[in-house]
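Protein chains in written order, with full-length UniProt numbering: chain A, 1 to 484; chain B, 1 to 446.
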Amino acid sequence: MKETVGTTGLILNEPLLWEKGKKGRIGFSLPRQDVPPASPDPSLMGEGPDFPDLSEVDVIRHYTRLSQWNFSVDSGMYPLGSCTMKYNPKTNENQANLRGFADAHPLLPPELSQGTLKMMSELEELLAEITGMDSVSLQPAAGAHGELTGMLVFYAYHKSKGSRRSKILIPDTAHGTNPASATLCGFKSVPVKSNDQGILSAETVAELMDEDTAGIMVTNPNTLGLFEENIKKIAEIVHGKDGLIYCDGANMNALMGIVNMGDIGVDVLHLNLHKTFSTPHGGGGPGAGPVCVKKHLEPFLPVPRVMEKNGKYILSEDFPQSVGKLHGFYGNFGVLIKAYSYILSMGADLKKVSQLAVLNANYIKEKLKGVLYLPYDRPCMHECVFSDKNQAAQKVTTLDMAKRLMDYGFHPPTIYFPLVVHGAIMVEPTETESKENLDLFIETFKTIAEEAKTNPDQLHEAPTSPKVRRLDETTAARHPCLMG
Amino acid sequence: MRYLPHTEDDIASMLKEVGAKSLEDIFSAIPEDCRRKNALSLPEPLTEWELNDHMGNLAHIMAVSPEYKVFMGAGSYEHYIPASVSYLLGRSEFSTAYTPYQPEISQGTLQAIYEYQTLACLLLGMEVANASMYDGASALAEALLMAIRISRRQKKVAVSSLIHPLYRRVVQTYFAPTDYEIVELPYLKNGRTDISNLANMNDLAAVAVQSPNFFGCVEDLKIIGEHAHKQKALFVTSFTEPLAYGLFKTPGSQGADIVCGEGQSLGIPRSFGGPGLGMFATKKQYMRNMPGRLIGQTKDKDGKRGFVLTLATREQHIRREKATSNICSNQGLCATTAAMYMASVGGTGMRELAKLNYDKAEYLKAELKKAGFKISFVSPTFNEFVVEFPGKSEAAYKRLLGKKIVAGLSLGTYYPELANHYLLCVTETRSKEDMDELVGELKIKN
């Protein structure tokens, strides 16, 4: 096989922050004391935080070394299923750092905030066009926050009709956060089994849907990377009982310009700007989870809403049926700028993004099926799900193969999710990976499958290249050590 | 397009491999009647250089320093951010990584967040801190839900009316679909929370106050905590300005059970209100009821120190509907930023910087008093306080805006009884000259 990306590299050790430094050092230029010192009431005074004192060089070296222990999209292919780890364009970072945005106070009078408000208003319109929905709220700070907002909209909608429904349908192929989001709004989740094709059948939904059920939370494409083909029929059934369709749009990267979510019966959709719209994941956030709704649900969207009046933008609270506020201010504005910049840079090429994302996933599926077991052999969307069934005889698991991929210089796919596939390996290459990268990934997986036969111990011992080897997670949970 | 690496040849050969004729053809799984009928109607793609111009124009019309002197805090603070912090934050090994599910190749993020958790505990005087929440407002909502979970029986929380009004609205949103009740505690003439009614409430899960509160006043946390505990309620404290704990006693040392708030002050730009940093900490005994991600220390196969995501059994991907919260993505990079900032300023520096904020605010207070203005509340403050601008205050405020001075936040919007009262903020970024100019302008009669 071709030379792999993975090498042992030069990894430098670095202690914890408080294991270095010396009292009296500082890494900050203290501003001038240009006013007389005042005397606070001694009874209020504390001792000051017992932080280490470090010089600027200490801090820079510390975090530079730490950063080098991370795998990132900028270091290599990160085919983490369901997470859309696409390339994060650098110009977007520059835009978010522009002083006019980065230094803007959120409570300035609107006449002094026209730039940010205009950007938000335009982004709402762009997202509405891309999704085929009517109105958008940019306030939710992450995908799960968007789900919560969506469930609050469900609650408010039924309340406006004088009813309090107690249940919600959640397919076994939906995202893991869905049940928790529904629970926060007092809905009891009713699991819906997917069929032998890996998708929902309308009959199953019809059996479960009733007048005490608020609606259904579908992930489409679902977590098997499959399009829910019966979605229109399902929408008819759910709407027939005055329920609503929630779509978890985390997988929207497959459908831009391909499917109009509004047309297939979706009433509420959340987006993950940190997935589909290229904003960086930041090692776990900040993200942004805008919520898009059909016209009849617009009155329930969070406030304040950006409105245009005679060419001027204002923030309006005048929506008496609104679910209220979800965020102290307007959401993760800095993330919104990056998504807006991305959309303006791509324009209608966003359709090409989805086409290539789906092409890349199908290419991997075709080339790796057989090497890895493919439980649902059907055309996939932007991701495909394999399992470790073929390696079971060698006692090599998904985890072993995932860890071995690291030695070869790849981030592993998502593993053991979705739960409907035992030992799942969920691969989402995204459109920003070239054919050469995909080929190397495929070839690497073939090599690992060979190693499983010839030298399974090598896999059980993997990884050996990173800074640390497999970590003892059991002890970490049993005897938590959460602060130093 | 520079982000899409596929050549025409690549596409042709890959289509062949997957057995499709065209890029449209690979969507065969989508029924015809589910396909989008019309093409995306989006503006022509901008070049990188056109985008720069477009965004530059939008940013240019915003009112920011140094052109504008903004004396406004109210949950979003102007503090100096060292170049070193911005530079480190730009390291894409941190920014372009995912949640550290694969610890062997995520030790950078994991150690950085572990260190953040530790520094957050030290700053707040608590025993465990999570890896972050969305912002101060949602952190408060989750803290109150957590208190209700811990109490098991009680469904009522008492919330000070001096907690940031926008935070209280977020709490209302989170509580709307539940049968939990919020009782609001009024405020006293001195600018502190009135807890005289607490003694009559014996069915509380939590008592929540903010310190410094929305008026900038430092609350007597110890006394409030004692009263809360007497009622068998958990004591929740919120904050919008964590720098205050560089000078004042920590909430933990005053008996707080859960401390939550906004960490934007710690090296994070205001960015029109987000992304900020929801900080969240509690006592060890409540650790397993805490929402959010946690990083713990452990060892690898060779006995080397390493870090992992831990106590995941509280989380939604495992516990699903029984999870402590639905939070998944948090504000990881902002937590990392806050840790970089706290490490840069250091223990000694935090003390001095906090003192400088205090001194500046006291200077402005004194100058305003000298000029004949009334400071609305007598309780001690940190870097924010309320002042009354008598008469046609709105006209004066507008006139100052014309001079590119934002004279604080008008409180009438949030507290109708406080029309003509303004919440002013001065941090280390406001010079003596700025403050003198403000007072000078305010002295001019309209």
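In this text, a Cβ means the ideal position worked out from N, Cα and C, and glycines have one as well.
Exercise. Should alanine 348/A and serine 387/A be called a contact, given that it needs their Cβ atoms to be closer than 8 Å?
Worked result: For alanine 348/A and serine 387/A, no; Cβs fall outside 8 Å.
Exercise. From arginine 25/A to valine 59/A, what does the alpha carbon distance come to, in whole angstroms?
Worked result: Going by the C-alpha atoms only, they are around 11 Å apart.
For this session: Verify the CB distance criterion: does serine 135/A have a CB-CB separation below 8 Å to chain B?
Result: No, serine 135/A lies away from the interface with chain B (no Cβ there is under 8 Å from its Cβ).
For this session: Output, in sequence order along the chain, the residues in the region 202-233 of chain B whose CB is closer than 8 Å to any CB in chain A.
Result: Within the region 202-233 of chain B, the residues whose Cβ lies closer than 8 Å to some Cβ of chain A are Val218, listed in chain order.
Exercise. So does the region 403-418 of chain B actually touch the region 55-73 of chain B, counting three or more Cβ pairs closer than 8 Å?
Worked result: Contact between the region 403-418 of chain B and the region 55-73 of chain B is present, because at least three Cβ pairs lie under 8 Å.
Exercise. What residues of chain A sit near isoleucine 327/B, judged by a beta carbon separation below 7 Å?
Worked result: Simply Ala144.
Exercise. If contact means a Cβ-Cβ distance below 9 Å, which residues of the region 342-361 of chain B contact chain A?
Worked result: Listed in sequence order: Met342, Ala343, Ser344, Val345, Gly346, Gly347, Thr348, Gly349, Met350, Arg351, Glu352, Leu353, Ala354, Lys355, Leu356, Tyr358, Asp359, Lys360, Ala361.
Exercise. Taking just the CA atoms, how far does isoleucine 148/B sit from lysine 155/B?
Worked result: Roughly 6 Å separates the two Cα atoms.
For this session: Mind checking the region 282-304 of chain B against chain A and listing, in chain order, the residues whose C-beta falls within less than 8 Å of any C-beta there?
Result: Answer in chain order: Met287, Arg293, Leu294, Ile295, Gly296, Gln297, Thr298, Lys299, Asp300, Lys301, Asp302, Lys304.
Problem set entry | Buried versus exposed call for isoleucine 258/A [16 or more other C-beta atoms within 10 Å across all chains shown] | Result: buried.
For this session: Tell me serine 106/B's beta-bridge partners as DSSP assigns them.
Result: Answer is Asn70/A.
Exercise. Near proline 379/A, what residues of its chain come up, given a Cβ to Cβ distance below 7 Å and the 5 sequence neighbours on each side ignored?
Worked result: So the list reads Asn362, once near-sequence residues are dropped.
Problem set entry | Cutoff 8 Å: cysteine 260/B Cβ touching any chain A Cβ | Answer no: the Cβ-Cβ gap between cysteine 260/B and chain A never drops below 8 Å.
Exercise. Of all Cβ atoms in chain A, is any one closer than 8 Å to the Cβ of methionine 146/B?
Worked result: No, its Cβ sits nowhere closer than 8 Å to a Cβ of chain A.
Exercise. Does lysine 249/B come within less than 8 Å of chain A when only Cβ atoms are used?
Worked result: Put simply, the CB of lysine 249/B is near chain A, with a gap under 8 Å to one of its CB atoms.
Exercise. Exposed or buried, aspartate 9/B, counting other C-beta atoms within 10 Å across all chains shown (16 or more means buried)?
Worked result: Aspartate 9/B comes out exposed.
Problem set entry | Rounded C-alpha distance that separates valine 371/A from cysteine 292/A | Their Cα atoms are separated by approximately 40 Å.
Problem set entry | leucine 107/A (DSSP reduced to helix, strand or coil) | In the structure shown, leucine 107/A sits in coil (DSSP, three-state: anything other than H, G, I, E or B).
Problem set entry | Beta-bridge partners of valine 291/A, as assigned by DSSP | In DSSP, valine 291/A forms a bridge with Ser137/A, His270/A.
Problem set entry | alpha helix (DSSP H) segments (min. 4 residues) lying fully within the region 240-302 of chain B | Restricting attention to alpha helix (DSSP H) runs no shorter than 4 residues, the region 240-302 of chain B encloses none.
Problem set entry | Beta-carbon neighbours of isoleucine 258/A, restricted to chain B and to distances below 8 Å | Per Cβ cutoff of 8 Å: Phe27, Ile30, Arg35, Arg36.
Exercise. Which residues does DSSP pair with arginine 305/B in a beta bridge?
Worked result: In the DSSP output, where bridge partners are listed per residue, arginine 305/B has Lys299/B.
Exercise. By the 10 Å Cβ neighbour count, where 16 or more other Cβ atoms means buried, how is glycine 162/A classified, buried or exposed?
Worked result: By the C-beta density criterion, glycine 162/A is exposed, having fewer than 16 other C-beta atoms within 10 angstroms.
Problem set entry | Per-residue burial, tryptophan 69/A [other beta carbons within 10 Å of its own, 16 or more giving buried] | Burial call: buried.
Exercise. So what does DSSP say about glycine 132/A, is it helix, strand or coil?
Worked result: Assigned with DSSP and collapsed to three states, glycine 132/A falls in coil, not helix or strand.
For this session: Check whether the Cβ atoms of residue 447/B and glycine 252/B lie closer than 8 Å to each other.
Result: With chain B running from 1 to 446 in the structure shown, residue 447/B is simply not present.
For this session: Flag this pair as yes or no: are the beta carbons of threonine 432/A and leucine 4/B separated by less than 8 Å?
Result: A contact, by the Cβ cut-off of 8 Å.
Exercise. What residues from chain B crowd round leucine 440/A, counting only those whose CB sits closer than 7 Å?
Worked result: Simply none; closest approach about 13 Å.
For this session: Using a Cβ cut-off of 7 Å, pull out every chain A residue sitting near valine 64/B, in sequence order please.
Result: Near valine 64/B (Cβ distances below 7 Å), the residues of chain A are Arg99, Gly100, Asp103, Ala104.
Exercise. Does the Cβ of tyrosine 341/B have 16 or more other Cβ atoms within 10 Å, making it buried, or fewer, making it exposed?
Worked result: Counting C-beta atoms within 10 angstroms of its own C-beta, tyrosine 341/B has 16 or more neighbours from the protein chains shown and is therefore classed as buried.
For this session: Using a cut-off of 9 Å between C-beta atoms, extract the partners of phenylalanine 51/A located in chain B.
Result: Under a criterion of Cβ atoms nearer than 9 Å, the residues of chain B adjacent to phenylalanine 51/A are, in order, Leu119, Leu122, Leu123, Met342, Ala343, Val345, Gly346, Gly347, Thr348, Gly349, Met350.
Exercise. Of all the beta strand (DSSP E) runs that stay within the bounds of the region 209-285 of chain A, which reach a length of 3 or more residues?
Worked result: Listed in chain order, the complete beta strand (DSSP E) runs (minimum 3 residues) inside the region 209-285 of chain A are 213-219, 244-248, 268-270.
Exercise. What are the residues of the region 163-176 of chain B that lie near chain A, defined by any Cβ-Cβ distance shorter than 8 Å?
Worked result: Going along the region 163-176 of chain B in chain order, one finds His164, Leu166, Tyr167, Arg169, Val170, Gln172, Thr173, Tyr174, Ala176 with a Cβ nearer than 8 Å to chain A.
Exercise. Are the C-beta of serine 106/B and some C-beta of chain A separated by less than 8 Å?
Worked result: It does: the Cβ of serine 106/B has a partner Cβ on chain A nearer than 8 Å.
Exercise. Going by the CB atoms, is the gap between glutamate 321/B and proline 418/A shorter than 8 Å?
Worked result: Contact flag unset, no.
Problem set entry | Three-pair Cβ contact test at 8 Å for the region 247-257 of chain A versus the region 11-24 of chain B | By the Cβ test, the region 247-257 of chain A is not in contact with the region 11-24 of chain B, since fewer than three Cβ pairs between them sit closer than 8 Å.
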